[in-house]
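For reference, the structure is listed below as structure tokens.
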Amino acid sequence: MSQTQTQSVSEARILLNQSNNTAFPPRPPSGYAHPPKLTREQAGHIRHIHNIVSQVDGEWRFMGTQEPGQEWLDAYRYQLVTMAYAIAAAQYHRMPAARSIFKPLMERIIHKMLRREWSFVDPDLKELRKPWANPICKENIMYSGNLLLMTPLYAMLYDDERYEQDDSLVFNWNPVYWGFGAERFSYNRSTLQEAILKEMEANGWIGVCCEPNMVFIACNQFPLTAMRINDVRNGTHVADDVLAKYKAAWQKKGMMGKDGLLRDAYRIKQDSPVDAFDIGFPAWAAAHMAWNNEQMEDLYPKMAHGYLTKIGDRININPDPVARAIRKLTSENPSMDADEIHAKARDLTAQYAPRYSAFMHPYDENDNHVYVEPFTGNAGIAYARLTVKRGQATMWDKPWTKEQVRSMPWIDGVGLDGGVDTLAGRWDEEKGAMFASFRTWHERTVSIRPVFKLLRAGRYGVYINGSFSGEAVVGAFGENVAVDLEVAGCESEVVLVRAK
1 MSQTQTQSVS EARILLNQSN NTAFPPRPPS GYAHPPKLTR EQAGHIRHIH NIVSQVDGEW
61 RFMGTQEPGQ EWLDAYRYQL VTMAYAIAAA QYHRMPAARS IFKPLMERII HKMLRREWSF
121 VDPDLKELRK PWANPICKEN IMYSGNLLLM TPLYAMLYDD ERYEQDDSLV FNWNPVYWGF
181 GAERFSYNRS TLQEAILKEM EANGWIGVCC EPNMVFIACN QFPLTAMRIN DVRNGTHVAD
241 DVLAKYKAAW QKKGMMGKDG LLRDAYRIKQ DSPVDAFDIG FPAWAAAHMA WNNEQMEDLY
301 PKMAHGYLTK IGDRININPD PVARAIRKLT SENPSMDADE IHAKARDLTA QYAPRYSAFM
361 HPYDENDNHV YVEPFTGNAG IAYARLTVKR GQATMWDKPW TKEQVRSMPW IDGVGLDGGV
421 DTLAGRWDEE KGAMFASFRT WHERTVSIRP VFKLLRAGRY GVYINGSFSG EAVVGAFGEN
481 VAVDLEVAGC ESEVVLVRAK
């Protein structure tokens with residue numbers, strides 16, 4: 001059910017006219033079909049992320065049982081940053097106008113990233129190193145680089161300089177029973193980038209260490225993309241200069257291993273690259289190497305060969321020994337049938353199986369991958385479903401400018417806290433139309449009032465669930481149109497069509 005009402009122009013909301021004297025047809029004009037909406041699964045990922053980051057500080061339910069040091073690959077920070085990239089991709093590529101659901105969500109994710117959860121291999125270490133509390137200043141690019149990318153994504157998507165202000169990124173280190181009292185480390189988006197650039201330069205532009213002595217390729221892609229987005233926003237060319245030096249440094253060391261995989265890392269003191277342990281880091285690096293998208297697309301089938309096996313409607317991730325056996329057998333027997341190669345590889349690697357306890361082995365008796373750890377379940381699959389092909393490369397090539405965002409119509413007044421999922425939110429400039437769709441996740445009826453902002457001046461036909469509901473007049477750019485809706489478990493569609 002919808003309700004329409006008349007507001008004065010001075011209130012800058014809505015001038016709805018339900019008179020029969022209208023030029024708008026009873027149904028949306030031909031060619032104004034609703035664009036693709038989020039699937040139930042995609043909307044579910046967004047709500048799951050909302051539920052996780054809406055927990056009180058210090059509560060990390062559903063995020064695994066990581067040790068306090070947070071050293072491993074499903075640590076909170078990796079889950080949070082991938083959630084942020086999923087949310088950014090969903091807004092940029094799928095629902096650019098749905099700003100009021102994504103902006104608070106991104107703020108909550110960044111807030112969680114600033115919680116005290118950090119603590120940290122040099123094979124030639126002769127004595128224990130003295131620890132430090134500042135998570136930004138040294139050897140922590142997997143944290144600082146991801147945080148850096150989250151802040152320009154926020155600035156780009158919402159034209160908001162919140163994280164450019166002094167003390168906008170503050171880390172408080174205050175252990176109770178040891179240390180020399182509380183320490184406070186303050187940054188903003190610019191000083192965070194400066195700290196990372198200083199480390200990159202000190203390492204000869206090969207990258208910044210993720211941990212003592214180790215520069216991982218994957219972790220250094222995020223700050224590169226962040227610099228590119230900052231450049232477009234600030235009118236600078238930092239990324240071009242850094243990327244040229246970065247590529248030159250890796251050209252000397254060799255980014256590709258002899259096994260056909262991207263290398264994992266580079267050891268600073270030993271001046272030696274580290275070949276891939278398995279497909280994990282090469283895949284991570286390739287997925288986020290936005291500046292080198294074409295080469296990564298070419299490499300994908302070569303790197304994935306042996307590691308991914310399609311069986312029916314599922315794709316299995318093979319254990320590294322099986323994958324490498326498949327790759328070796330294929331190179332030696334290029335005409336051998338794929339099923340035969342897979343069976344041979346299983347036989348060759350069967351000797352490794354007894355090394356792992358049943359509860360540790362993520363495969364069943366048919367080699368089906370049956371275990372998903374928190375990082376994949378909470379964030380990885382969400383990102384995969386919410387992004388699009390060449391998603392990061394497109395953001396690298398065409399980041400939104402301040403001018404774009406300041407003139408982009410968007411939807412306000414709808415949030416995730418009220419139990420409503422936004423399934424569509426897009427302005428079509430060519431058609432002069434706004435498309436939106438809402439549904440409650442719990443299927444109960446909820447009253448909402450979406451406010452459509454920054455609409456172009458003109459007369460609009462307001463269509464709700466495919467039927468003409470009223471006429472709105474936007475007298476000047478910047479006036480808003482608000483529509484009262486009752487939303488339940490079925491989709492409620494709103495289309496605003498500007499008269500030609």
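The numbering of the sequence shown is the UniProt record's numbering, which starts it at 1 and goes up by one.
Here a beta-carbon is modelled for each residue, glycine too, at the ideal position from N, C-alpha and C.
In terms of Cα proximity to L348, the closest of A325, W291, N333 is A325.
For the pair of segments examined, the segment 423 to 443 was found to touch the segment 485 to 498: the number of CB pairs separated by less than 8 Å reaches three. Taking C-beta separations shorter than 6 Å and ignoring five residues to either side along the sequence, the partners of A226 in its chain run L148, L149, P152, following chain order. In this structure, DSSP gives M434 an extended state, which the three-state scheme calls strand. Shown here for A393: same chain residues with a beta carbon closer than 7 Å to its own, the five before and five after excluded, namely A290, N293 in chain order. Around the C-beta of V322, 16 or more other C-beta atoms lie within 10 Å, and the residue is accordingly described as buried. Restricting attention to P25, Y78, I49, A98, the CA atom closest to the CA of L454 is found in A98.
Residues of the same chain with a CB within less than 8 Å of the CB of A286, apart from the 5 flanking positions on each side, are L262, M296, L299, Y300, M303 in chain order. When secondary structure is reduced to three states using DSSP, T440 falls in the strand class. With contacts defined as CB atoms closer than 8 Å, V487 and R439 qualify as a contacting pair. One thing to note: P450 has its Cβ within 8 Å of the Cβ of V483. According to the DSSP assignment, R324 belongs to the alpha helix (DSSP H) that extends over 320 to 332. Spanning the alpha carbons of G257 and G58 requires a straight line of approximately 41 Å.
A Cβ-Cβ contact shorter than 8 Å links N316 with N368.
Considering only R108, N220, A86, the residue with the shortest C-alpha distance to G377 is A86. The count of Cβ pairs closer than 8 Å, one atom from the segment 431 to 448 and one from the segment 103 to 113, stays below three, leaving the stretches out of contact. When beta bridges are read from the DSSP output, S186 appears opposite V170. Per DSSP, reduced to three states, the secondary structure at P223 is helical.
The beta carbon of P26 sits closer than 7 Å to those of S467, F468, all from its chain and outside the five residues before and after it, given in chain order.
Between T401 and the set I110, A84, L157, H45, the nearest pair of CA atoms involves L157.
One Cα belongs to E194, the other to N213, and the distance between them is close to 21 Å.
Here W60 carries a coil assignment [DSSP, helix/strand/coil]. Rounded to the nearest angstrom, the gap between the Cα atoms of N203 and I110 is 28 Å. Annotated three-state conformation of H237 is coil, per DSSP.
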